[in-house]
Amino acid sequence: MTHIMVDLETLSTNNNAAILAIGAVKFSNEDKAYDKFYKVVKTPPEVEGFHISSDTLDWWSKQSEEARRVFEDPTAAPIEEALVSFATWALNGTNKKDIRLWGNGASFDNVILSSAYQLCNLSQPWIYWNDRCYRTMKNLNRTVGLTRIGTHHNAVHDAESQAVHLLAMEIPLA
1398 MTHIMVDLET LSTNNNAAIL AIGAVKFSNE DKAYDKFYKV VKTPPEVEGF HISSDTLDWW
1458 SKQSEEARRV FEDPTAAPIE EALVSFATWA LNGTNKKDIR LWGNGASFDN VILSSAYQLC
1518 NLSQPWIYWN DRCYRTMKNL NRTVGLTRIG THHNAVHDAE SQAVHLLAME IPLA
């Protein structure tokens, strides 16, 4: 099995939110967090159907300067390119039926990422029944504290923090 913790930074909280950045980390009970992915996405998206919320833009204006740097990243890629890059990275050395995709909330990261693949007419690199919810595990294991790695609301830093936190819960991953 390949476990992947994904974190998205978005411009909305809707299922079809415009994605600002994709951060992910592969992890296992044996190897801990061992491989990272980070891609900033050009905004506004060039594909129709993505939602941008004024409330979320207002929320972003109140975040740290470090977190807001994502808006000025010169390496930002079109959404299709970012999704293809993520799929290539995720599938490296495995196949889609063996990927367990963890997101922070049953209705956020995984759902938005899946919606993006659909809007771009691309195949997502995991099977829907292998979606996993980090937020549920976090709420069931409140005695295990989260230690932040890097900048809060940087997608790859949040993904790594969440993966390390999940592993600290000492839950056998299957």
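Residues in the sequence shown are numbered from 1398 upward in steps of one, following the working numbering. From the three backbone atoms N, C-alpha and C, an ideal C-beta is built for every residue, glycine too.
What did DSSP end up calling Met-1402 once you bin it into helix, strand or coil?
strand
Looking at Lys-1433: is its Cβ nearer than 9 Å to the Cβ of Val-1553?
In contact: Lys-1433 and Val-1553 (Cβ atoms closer than 9 Å).
Rounded C-beta distance between Asp-1495 and Thr-1399? I'm assuming under 8 Å.
6 Å
What is the residue span of the alpha helix (DSSP H) that Phe-1434 lies within?
Taken as a continuous stretch (DSSP letters only), Phe-1434 belongs to no alpha helix (DSSP H), being part of the beta strand (DSSP E) at 1429-1437.
Residue burial classification, Arg-1466 (beta-carbon count within 10 angstroms, cutoff 16)
Result: exposed.
Please go through the same chain and pick out, in chain order, the residues whose beta-carbon is closer than 6 Å to the beta-carbon of Leu-1516, but skip the five residues on each side of it.
Val-1444, Gly-1446
Using DSSP's beta-bridge definition, name the partner residues of Val-1422.
Met-1402, Lys-1433
Count the C-beta pairs between the segment 1501-1515 and the segment 1449-1460 that are closer than 8 Å, then say yes if the count reaches three, no if not.
no
Among Thr-1410, Thr-1485, Pro-1441, Arg-1497, nearest to Asp-1528 - alpha-carbon criterion:
Arg-1497
Leu-1543 to Asn-1551 span [Cα, whole Å]:
16 Å
First and last residue of the beta strand (DSSP E) that includes Leu-1498?
1496-1500
Report yes if the CB atom of Ser-1473 is closer than 9 Å to the CB atom of Ser-1482, and no otherwise.
The amino acid occupying residue 1473 in the given sequence is Ala; Ser does not appear at that position. Inclusion of Ala-1473 and Ser-1482 in the CB contact set at 9 Å is not warranted, their separation being larger than that value.
Taking Leu-1570 as the reference, which of Ser-1409, Ser-1425, Met-1402, Glu-1406 has the closest Cα?
Ser-1425
Using C-beta distances below 6 Å, list every residue in its chain close to Thr-1491, excluding the 5 sequence neighbours before and after it, in chain order.
Thr-1399
Excluding five sequence neighbours on each side, which residues of the same chain lie with their C-beta closer than 6 Å to the C-beta of Trp-1523?
Lys-1493, Ile-1496, Leu-1498
Would you call the CB atoms of Leu-1510 and Leu-1417 closer than 9 Å?
Cβ atoms of Leu-1510 and Leu-1417: not closer than 9 Å.
If you run the structure through DSSP and keep just helix, strand and coil, what is His-1448?
strand
Given that a residue counts as buried once 16 or more other Cβ atoms are within 10 Å of its Cβ, and exposed if not, what is His-1562?
buried
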